[in-house]
Amino acid sequence: MNRFVACCVAASVGHVASAQFVNPDFGGCYAIRNLGLVPGVPINYGGITFKHDDPDVLLIGGHANNTDAAIYAARVTRDADGFINGFDGDAVIFASAPQIDGGLTYGPNSVLFFATYNSNNIGQIKPSSTTPDKTTNMDGVVNPSLGTLQFVPPGFPGAGRLKIASYSTSEWADVSFAADGLGTFTLGNTPNSLILLTDEVGQTGPEGIVYVQPGNPGITKYSVLISEYGRGAVACYEVDSVGDPIFSTRRELVKGLSGAEGGTRDPRTGHFLFSTYGGNNSVVLITGFNKNCRANINGDCYTDDADFSLFAPMYNILDCADPGMPEGCAADLNDDGFVDDADFVIFVAAYDRLICV
Ligand SMILES: [Ca+2]
Ligand SMILES: [Ca+2]
Ligand SMILES: [Ca+2]
């Protein structure tokens with residue numbers, strides 16, 4: 004056996020998932036850590052999100068898509084840097100969630116929302132409940148079947164809006180919602196906007212939605228990561244003024260996946276996590292994302308003099324509405340329409356940290 008063959012046979016035995024990699028076009032700042040199976044959670048895996056009142060408890064859909072599917076609570080462990088590195092004991096059942104798919108997230112009043120496959124429903128679970136309090140069929144909004152859902156986080160274009168996406172048809176829709184007086188929400192029955200996440204290659208098959216702000220490496224505009232089962236990838240899209248993805252900006256962040264499923268961010272570090280469904284059921288962590296490092300204006304790995312050389316001329320112009328201001332007014336780090344001393348204070352703090360963690 005020659006050396007090349009010996010090397011690669013050994014590698015393929017030890018690292019079944021080694022085909023997964025982060026696209027180097029994003030600057031080489033990200034690293035992938037496969038956390039493996041979550042003890043106590045029956046496969047296959049569905050959506051993931053962190054418990055609203057405990058940043059060390061990951062909620063994850065188990066036995067996804069089946070009528071006896073449920074959401075499980077798994078306590079994460081962290082290394083000395085605070086990076087998630089595993090799970091502490093067996094997960095416990097948190098709530099039933101029949102047919103849960105890749106969408107699992109908190110909405111207003113800490114109501115837990117989940118998307119179902121192949122019934123095309125959205126379930127809602129109130130904070131003290133262990134079964135769904137409300138189930139709404141979404142057939143008039145997107146064609147069957149969901150898929151996934153997410154609320155646009157604070158600070159992003161379209162903050163607070165509800166987005167849903169059909170796995171089967173790759174339709175993405177913006178949906179209205181209103182309190183129903185029972186602690187849950189009435190959902191709109193027509194889409195406010197509808198976007199098709201397909202191209203000549205075919206369906207993308209959206210399963211997870213995670214918003215990321217500029218200042219993350221390789222990302223200079225407000226963007227959304229979508230776990231795409233149909234492409235074996237996590238793609239990054241810039242978003243428009245209401246938080247919908249702009250399809251023409253699609254770039255693949257993670258490639259070589261099998262069964263890309265739900266996604267979320269670590270509330271402590273800002274790292275990105277997603278689940279996978281099928282032969283390689285696992286939770287995968289992407290380090291390099293941050294909670295907020297808008298001062299990393301050029302989107303490389305550091306906040307340093309290169310960013311200051313972009314910040315300074317915008318500070319001198321001051322008003323984001325000034326025709327001379329570079330498009331996007333990226334140095335307005337607190338989004339108040341001006342680049343002034345308040346932004347400089349934010350910039351200096353980030354500059355002192357250098358690395359955006
Ligand atoms: Ca799915
Ligand atoms: Ca930088
Ligand atoms: Ca400002």
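Using this note's numbering, read the sequence shown as starting at 4 and increasing by one per residue. Glycine is no exception: its CB is placed at the ideal position from the N, C-alpha and C atoms.
Subject >> Cβ distance (whole Å) where Leu228 is taken to contact Leu256 below 8 Å >> reply: Correct: roughly 6 Å between the Cβ atoms.
Subject >> For ligand 3, residues whose Cβ lies under 7 Å from any non-hydrogen atom >> reply: A residue is listed when its beta-carbon falls short of 7 Å from at least one non-hydrogen atom of ligand 3; in chain order these are Asp335, Leu336, Asn337, Asp338, Asp339, Gly340, Phe341, Val342, Asp343, Ala345 and Asp346.
Original post:
Taking the C-alpha atoms as reference points, what is the distance between Ala34 and Gly265?
Top reply: Rounded to whole angstroms, Ala34 to Gly265 spans 19 Å at the Cα level.
**OP:** Using only the heavy atoms of ligand 1, determine whether one of them is closer than 7 Å to the beta carbon of Asn121.
**Re:** Checking every heavy atom of ligand 1 against the Cβ of Asn121, none is found closer than 7 Å.
Original post:
Run through DSSP, which three-state label would Asp322 get?
Top reply: Asp322: strand per DSSP, three-state reduction.
**OP:** Report yes if the C-beta of Tyr280 is less than 7 Å from at least one heavy atom of ligand 1; otherwise report no.
**Re:** Taking 7 Å as the cut-off, one finds at least one heavy atom of ligand 1 near enough to the beta carbon of Tyr280.
Subject >> Phe341, DSSP secondary structure in three states >> reply: Strand at Phe341.
Subject >> Own chain, CB closer than 8 Å to Pro157, minus 5 neighbours either side, in chain order >> reply: Residues of the same chain with a CB within less than 8 Å of the CB of Pro157, apart from the 5 flanking positions on each side, are Gly163 in chain order.
Original post:
Which stretch, first to last residue, makes up the beta strand (DSSP E) that contains Gly221?
Top reply: Premise fails: Gly221 is in no beta strand (DSSP E) and is neither H nor E.
Subject >> Same chain, Cβ closer than 6 Å to Phe180, five either side skipped, listed in chain order >> reply: In chain order, Leu165, Phe188 and Leu190 place their CB closer than 6 Å to the CB of Phe180, counting only its own chain and leaving out the 5 sequence neighbours on each side.
Original post:
DSSP three-state call for Cys11: helix, strand or coil?
Top reply: At Cys11, the pLDDT of 34 sits below 50, so the modelled position is not reliable and the matter cannot be decided from this model.
**OP:** Starting from Thr151, follow the beta strand (DSSP E) in both directions and report where the run begins and ends.
**Re:** Segment Leu149 to Phe154, the beta strand (DSSP E) holding Thr151.
Original post:
Gly64 and Leu107 look like a contact to me (Cβ under 8 Å); what is the Cβ gap, rounded to whole Å?
Top reply: The distance from the Cβ of Gly64 to that of Leu107 is about 6 Å, consistent with a contact at the 8 Å cut-off.
Original post:
How should Val16 be labelled, buried or exposed, when 16 other C-beta atoms within 10 angstroms of its C-beta is the threshold for buried?
Top reply: In this prediction, Val16 scores a pLDDT of 38, lower than 50, which makes its location untrustworthy; no coordinate-derived value is stated.
Subject >> From Phe154, Asp142 and Thr133, residue whose alpha carbon lies closest to that of Pro111 >> reply: Out of Phe154, Asp142 and Thr133, the CA that lies nearest to the CA of Pro111 is found in Phe154.
**OP:** Starting from the Cα of Val178, find the closest Cα among Leu197, Gly49, Arg268 and Asp71 and give me that residue.
**Re:** The residue with the shortest Cα to Cα distance from Val178 is Leu197.
Original post:
So does Asn124 have its beta carbon nearer than 7 Å to some heavy atom of ligand 1?
Top reply: Residue side-chain check: Asn124 keeps its Cβ at 7 Å or more from all non-hydrogen atoms of ligand 1.
Original post:
In chain order, which continuous runs of the beta strand (DSSP E) of length 3 or greater are located wholly inside the region 145-198?
Top reply: The beta strand (DSSP E) runs lying completely inside the region 145-198 and spanning 3 residues or more are 149-154, 165-169, 174-178, 180-182 and 188-190, given in chain order.
Subject >> For Asp59, the nearest candidate out of Gly92, Leu185 and Arg81 (CA to CA) >> reply: Closest by alpha carbon: Arg81.
Original post:
With respect to 7 Å, is the separation between the Cβ of Tyr305 and the closest non-hydrogen atom of ligand 2 below this value?
Top reply: Yes - ligand 2 has a heavy atom lying nearer than 7 Å to the Cβ of Tyr305.
Original post:
Taking three-plus beta-carbon pairs below 8 Å as touching, is the region 328-340 in contact with the region 291-304?
Top reply: They touch, by the three-pair rule.
Original post:
Which of helix, strand or coil does DSSP assign to Ala67?
Top reply: Three-state result, Ala67: coil.
Original post:
For ligand 2, is there a heavy atom less than 7 Å away from the beta-carbon of Ala309?
Top reply: A heavy atom of ligand 2 is found nearer than 7 Å to the CB of Ala309.
Original post:
Can you tell me the Cα-Cα spacing of Ser374 and Val44, whole angstroms?
Top reply: There is no way to answer for residue 374, as the model of the chain reaches only from 4 to 360.
Original post:
By a C-beta neighbour count over all protein chains shown, 10 Å radius and 16 as the cutoff for buried, is Gly262 buried or exposed?
Top reply: Label assigned to Gly262: buried.
Original post:
Would you call the region 270-289 and the region 114-130 touching, i.e. three or more CB-CB distances under 8 Å?
Top reply: Because the criterion of three Cβ pairs below 8 Å is not met, the region 270-289 and the region 114-130 do not touch.
Subject >> Cβ pair count under 8 Å reaching 3, the region 66-86 against the region 39-54 >> reply: Flag = yes, the region 66-86 and the region 39-54 touch.
**OP:** Keeping to the same chain, check which residues put their C-beta closer than 7 Å to that of Asn140; ignore five residues upstream and five downstream.
**Re:** Cβ-Cβ distances below 7 Å link Asn140 to Asn123 and Asn124 in the same chain, with the five nearest sequence neighbours on each side left out; the list follows chain order.
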